[in-house]
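Enquirer: Sending over a structure as structure tokens; questions will come in a sec.
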Amino acid sequence: MPAAFANAGYVNGLLLTIIIGFIAVHNLHIMIDSMYELCKRKRVPYLAFSDAMTVGFEEGPPVFKCILPIAKPFVDGFLAFYHFGTCCVYVVFIAESIKQIIDEYSVVLDVRLHMCFILLPLFLIFSIRNLQILATFSSIANLLLLVGFGVILYYIFDDLPAIQERKPFENLNKLPIFFGTILFALEAIGVILAIEENMETPKAFVRRCGTLNLGMLIVLGLYMIMGFFGYWKYGDTALGSVTLNLSQKAILAQVTKIFFAITIWISYALQGYVTANILWNKYLRKRVKDAGKYVLFELLIRGAIVLLTFALAIVLPDLSLFLSLVGAFCLSVLGLIFPPLLQICVQYRTGYGKWKLRLIKNLFLVTFGAVGGIVGTYVSITEIVQAYA
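Going by the numbering used here, the first residue of the sequence shown is number 254, and it counts up by one from there.
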């Protein structure tokens, strides 16, 4: 987040984080409400996101009928690619964290070599196919994360410079990088849907003071605190993750980096689980006729995913640019375009209200997501090309 604020300025950063956060929460609400409505119409207990989009296109304006054959794989593809891209970002983060520690005590090596060193641990954690086991690891990761946040705030608030040394506003040409980074931080559509699906009382999830609003309010507040004060502390030198700005010599900072590396290592398996689940259970499993080879082929698929995330991280070992690209390309579609499109389709039968205000609002959201996604993706790719040309 501090690196995101470095691309916006602290005033712009705070205002735009609030605006994008509000839009993200609103879109999650209309997406879940639309999925509820489709479940009622089809008389089914639950519809996956890709199934809901497909049913929505069926019941929506005629213009969407032409994309029905590709709707489900298209949505699944974006979901799978988003979590895959997140895993690539995690590979870079883990390697960067380990490199900073090793550099203090041993020979200085390129970050790509450290990626090679973590390849086996990634294979091992990703070979766990049981989500309940991963959930146990996740509890450990959350504890380490909580301790790590406390240490980070301690370092951030220690000897803050004058706020006048930081920019309240940054050049507009840097805002697309900020846009992609904020989306990456705030939009966790796969996690949100998984929580909603597994709640005993799903309706409590979307109440005014329900789980979604309270959870996102806390997350948004933490990100704003971390972004604002992290930028105040480190300014334009803020790196892709604030942990990388911590002292390389202090033992407490080194332990914190280890904590976060372990946390992200566990999160790698959780994020990759979505990609593996979509590819294997929805599309590839039915192609394997011998049921006795299911485990073998699933492990091969998982191994291939690890190798591909490793390969992309090797090609692009820049954390801030990588996460901005993933956020702008994937999450602008998943979090900003698909939800209002789904509501447009669901309300096509019942109407859009007086003066069609709901339709106008949703078309604005689609346009905002499309423009932000296209510009953010273009600028991210341009920055990557310039950095590695």
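All C-beta atoms, glycine included, are put in the ideal place defined by N, C-alpha and C.
What do you reckon, are the CB atoms on Leu574 and Ile637 nearer than 8 Å?
Expert: Locating residue 574 in the sequence shown gives position 321, counting from the first residue. Locating residue 637 in the sequence shown gives position 384, counting from the first residue. Yes. Within cutoff.
Enquirer: DSSP three-state call for Glu423: helix, strand or coil?
Expert: In the sequence shown, the residue the question calls residue 423 occupies position 170. Three-state DSSP puts Glu423 in coil, outside helix and strand.
Enquirer: Do you know how far the Cα of Lys295 is from the Cα of Phe402?
Expert: As a first step, residue 402 is located in the sequence shown; it is residue number 149 there, counting from the start. As a first step, residue 295 is located in the sequence shown; it is residue number 42 there, counting from the start. Looking at the two C-alpha atoms, the distance is approximately 45 Å.
Enquirer: Measure the beta-carbon distance from Asn498 to Leu505 and round it to whole angstroms, keeping in mind my assumption that it falls under 8 Å.
Expert: The residue given as residue 498 occupies position 245 in the sequence shown. The residue given as residue 505 occupies position 252 in the sequence shown. The Cβ separation is near 14 Å, so there is no contact.
Enquirer: Where does the unbroken alpha helix (DSSP H) through Ser303 begin, and where does it stop?
Expert: For this step, residue 303 is matched to residue 50 along the sequence shown. That run of the alpha helix (DSSP H) goes 302 to 312.
Enquirer: Would a C-beta distance cut-off of 8 Å place Met306 and Leu595 closer than the cut-off?
Expert: One-based indexing of the sequence shown puts residue 306 at position 53. One-based indexing of the sequence shown puts residue 595 at position 342. Cβ atoms of Met306 and Leu595: closer than 8 Å.
Enquirer: Would you mind working out which of Gly625, His279, Thr509 sits nearest Val400, comparing C-alpha positions?
Expert: For the purposes of this step, residue 400 is taken as the residue at position 147 of the sequence shown. Of the listed residues, the one whose Cα sits closest to Val400 is Thr509.
Enquirer: Expressed to the nearest angstrom, what Euclidean distance is found between the alpha-carbon atoms of Leu549 and Val316?
Expert: Counted from its first residue, the sequence shown places residue 549 at position 296. Counted from its first residue, the sequence shown places residue 316 at position 63. Near 43 Å, if we compare the C-alpha coordinates of Val316 and Leu549.
Enquirer: Would you call Glu290 buried or exposed, if buried means 16 or more other Cβ atoms sit within 10 Å of its Cβ?
Expert: Locating residue 290 in the sequence shown gives position 37, counting from the first residue. Label assigned to Glu290: buried.
Enquirer: I'd like the list of long-range same chain contacts for Met477, defined as Cβ closer than 7 Å, with 5 residues on each side in sequence excluded.
Expert: Stepping through the sequence shown from its first residue, residue 477 is reached at position 224. Counting only Cβ-Cβ distances below 7 Å, and skipping sequence neighbours, we find Leu267, Thr270.
Enquirer: On a Cα-Cα basis, can you pick out the residue from Ile272, Ile430, Pro298, Leu406 that is closest to Trp485?
Expert: Against the sequence shown, residue 485 aligns to sequence position 232. The shortest C-alpha separation from Trp485 is found at Leu406.
Enquirer: Locate the alpha helix (DSSP H) running through Cys262, then write down its first and last residues.
Expert: If you number the sequence shown from 1, residue 262 lands on position 9. In the sequence under discussion, the amino acid at residue 262 is Gly, which differs from the Cys named in the question. Note, Gly262: premise wrong, no alpha helix (DSSP H); not H, not E.
Enquirer: At the level of alpha carbons, what is the spacing between Tyr263 and Met469?
Expert: In the sequence shown, the residue the question calls residue 263 occupies position 10. In the sequence shown, the residue the question calls residue 469 occupies position 216. Looking at the two C-alpha atoms, the distance is approximately 21 Å.
Enquirer: With 16 other CB atoms within 10 Å as the buried threshold, where does Asn395 fall?
Expert: Counting from one through the sequence shown, the residue named residue 395 turns up at place 142. By the 10 Å Cβ count, Asn395 comes out exposed.
Enquirer: Return the CA-CA distance between Thr340 and Gly525, expressed in angstroms with no decimal places.
Expert: As a first step, residue 340 must be located in the sequence shown, where it is residue number 87. As a first step, residue 525 must be located in the sequence shown, where it is residue number 272. At residue 340 the sequence reads Cys, which differs from the Thr that was named. Each residue's Cα considered, the two are about 6 Å apart.
Enquirer: Since Gly313 and Ile597 are thought to touch, with beta carbons under 8 Å apart, how far apart are those beta carbons, to the nearest angstrom?
Expert: Your numbering for residue 313 matches position 60 in the sequence shown. Your numbering for residue 597 matches position 344 in the sequence shown. So it is a contact: roughly 6 Å between Cβ atoms.
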